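Numbering (mature numbering (1 follows the signal peptide of the UniProt record, and there is no 0)), first residue to last: -25 to -1, 1 to 514.
Yeah, the Cβ is synthetic: ideal placement off N, Cα and C, and Gly gets one too.
The structure displayed is predicted, hence computed values, not measured ones.
Let me begin by presenting the structure, written as structure tokens, before commenting on it.
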């Protein structure tokens, strides 16, 4: 029997840098721009949502780290050397089962709320798995033109909405948009699965006649089209493409976007990932892999990383997007800076198509290369947002690799580890994007979210390192976020981010949702054969 799939890995560091880089005059300029009253929706040819408000501020693997370096001063002169071009995070946007705003999303995580529930988008009563991290209420009003919204796959709708919300969160007003050098602004948002629903519908139409096929079925099924449509909407002519490395997609996109800025090819990049796999063919495919939890009677307890009773991962859907910007460019426009990107690395297990290396060599090499590239020491890392998907082999191998990498660290007793997927489920290509937001929010708020459903931990897991069932007040110095994905060639990716002196914020109150209550239903598709395919689980 094949062992669990080994993910491409990506790790990156992020440090808190909240407005610290802006002087008094720049802060005033920032407030003026953010209060200009120009909705992002208005920038892109569609009205802003009525009553909306500005929000506060595979196994392909990826690890993300967030670092805090108060002693590092702000560079006052523009860097011309490629290696000295600094990359900062100035905006965040999410569409998730736990909310569509970074603060709402993170506050739900802090409260230990699960986004897992019974699937409502289609009739899955004949499937052994009938639960997922499904988005129940979502509206594109003010973000996507109605005509396009009717034609696009949901992965594109999530992508475009999260991308525009990230730009709004970054304070990109119409005035600033008009001043941007469009040839130096790009979009790099990937997807693991792409437009599965659009393509599936095209196949069903083809059963009747090719004349019944949607003429947009090919372009709207490709993974790069979401980035392309968003760039066209913005008029941005810089780097534009997508990367698809299974569940490490987001982190690969973020690292490559940062490298475009570091190399002087761009000044501003919108990057992350998006996926909408909760459709019959998506659910059926992972059921055939025997990868999914079947805890249908208790959905909120189904995703339970490191727990002895875990029985597979729970699918999720959504999008997570960051706005990355060159430091001097961000300062010039008076942007609020959340974190600084320091460096990254790609590696490969070179061991097995799906099975992770038993000694975690690829994971360790990835982390070590990333730390070397960023100049961050192992002992600086005190928070890890793990990939931990709630699979039997994956959870243990990742934890063993982390122990091998950080176990000799005398500061390891201060290390805290958690899994966002215990509440969101596994968003596949979007997982790294929303977990990047979670890591940055942990730095901003000084709180790390709990691990829920960890009732009976594996004996080989050091529970003293794991965050408990309640949120914990914690001063994050450096945070590492992992993402793994299964592909034919396993790659490792590392992202590192650091920031100037941070401004600590208390947890923002849960904000009232402004999206309408319309459910986006998915038409029932022909069900797969009832016969089970006896195939070894790749997880």
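- DSSP places residue 188 outside both helix and strand once states are collapsed to three, so it counts as coil.
- Cβ contact annotation for residue 188 (same chain, cutoff 7 Å, sequence separation greater than five): 177, 180, 181, in chain order.
- If one requires a minimum length of 4 residues, the alpha helix (DSSP H) runs lying completely within the segment 57 to 133 are 77 to 85, 121 to 126, in chain order.
- Annotation for residue 321: the continuous beta strand (DSSP E) segment containing it runs 314 to 322.
- In the same chain as residue 318, and ignoring 5 residues on each side of it, the C-beta atoms closer than 7 Å to its own belong to 345, 348, 349, 471, in chain order.
- Looking at the DSSP output, residue 358 shares a beta bridge with 391, 454.
- Distance from residue 198 to residue 169 at the Cβ level is roughly 4 Å; contact confirmed, criterion being Cβ atoms closer than 8 Å.
- For residue 338, the enclosing alpha helix (DSSP H) has its first and last residue at 336 to 349.
- Beta-bridge partners assigned by DSSP to residue 250: 293.
- Remark: C-beta atoms of residue 399 and residue 66 do not approach each other more closely than 7 Å.
- Residue nearest to residue 224 within the set 203, 249, 236 is 249 (criterion: CA-CA distance).
- Each residue's CA atom was taken as its position, placing residue 278 and residue 402 some 12 Å apart.
- One thing to note: residue 232 has its Cβ no nearer than 7 Å to the Cβ of residue 142.
- Burial state of residue 295 is buried, judged by a 10 Å Cβ sphere holding 16 or more other Cβ atoms.
- Per DSSP, residue 228 is one residue of the alpha helix (DSSP H) stretching across 224 to 237.
- When only Cα atoms are considered, residue 79 and residue 184 end up about 46 Å apart.
- One thing to note: residue 436 has its Cβ no nearer than 7 Å to the Cβ of residue 358.
- For residue 298, the pairing in a beta bridge is given by DSSP as 66, 245.
- Residue range 367 to 381 is occupied by the alpha helix (DSSP H) that includes residue 380.
- Apart from the 5 residues on each side of it in sequence, residue 200 sits with its Cβ closer than 7 Å to the Cβ of 131, 194 in its chain, given in chain order.
- In this structure the segment 237 to 254 touches the segment 207 to 223; the number of beta carbon pairs closer than 8 Å is three or more.
- For residue 183, there is no enclosing beta strand (DSSP E), as DSSP marks it with neither H nor E.
- The beta carbons of residue 459 and residue 362 sit closer together than 7 Å.
- When C-alpha distances from residue 282 are compared across 432, 209, 105, the shortest belongs to 432.
- Check the Cα spacing between residue 291 and each of 59, 91, 207: the tightest is with 91.
- Contact annotation: the segment 126 to 140 touches the segment 249 to 266, with at least three C-beta pairs closer than 8 Å.
- About 15 Å separates the beta carbons of residue 94 and residue 171, which is beyond the 8 Å limit, so they are not a contact pair.
- Short of 6 Å from the beta carbon of residue 191, and not among the five residues preceding or following it, lie these beta carbons of its own chain, in chain order: 126.
- Under DSSP, the beta-bridge partners assigned to residue 422 are 448.
- The C-beta of residue 150 has fewer than 16 other C-beta atoms within 10 Å across all chains shown, which makes the residue exposed.
- Bounds of the alpha helix (DSSP H) holding residue 256 are 255 to 263.
- DSSP lists 432 as the beta-bridge partner residues of residue 282.
- The three-state reading of DSSP puts residue 442 in coil, since its state is none of H, G, I, E or B.
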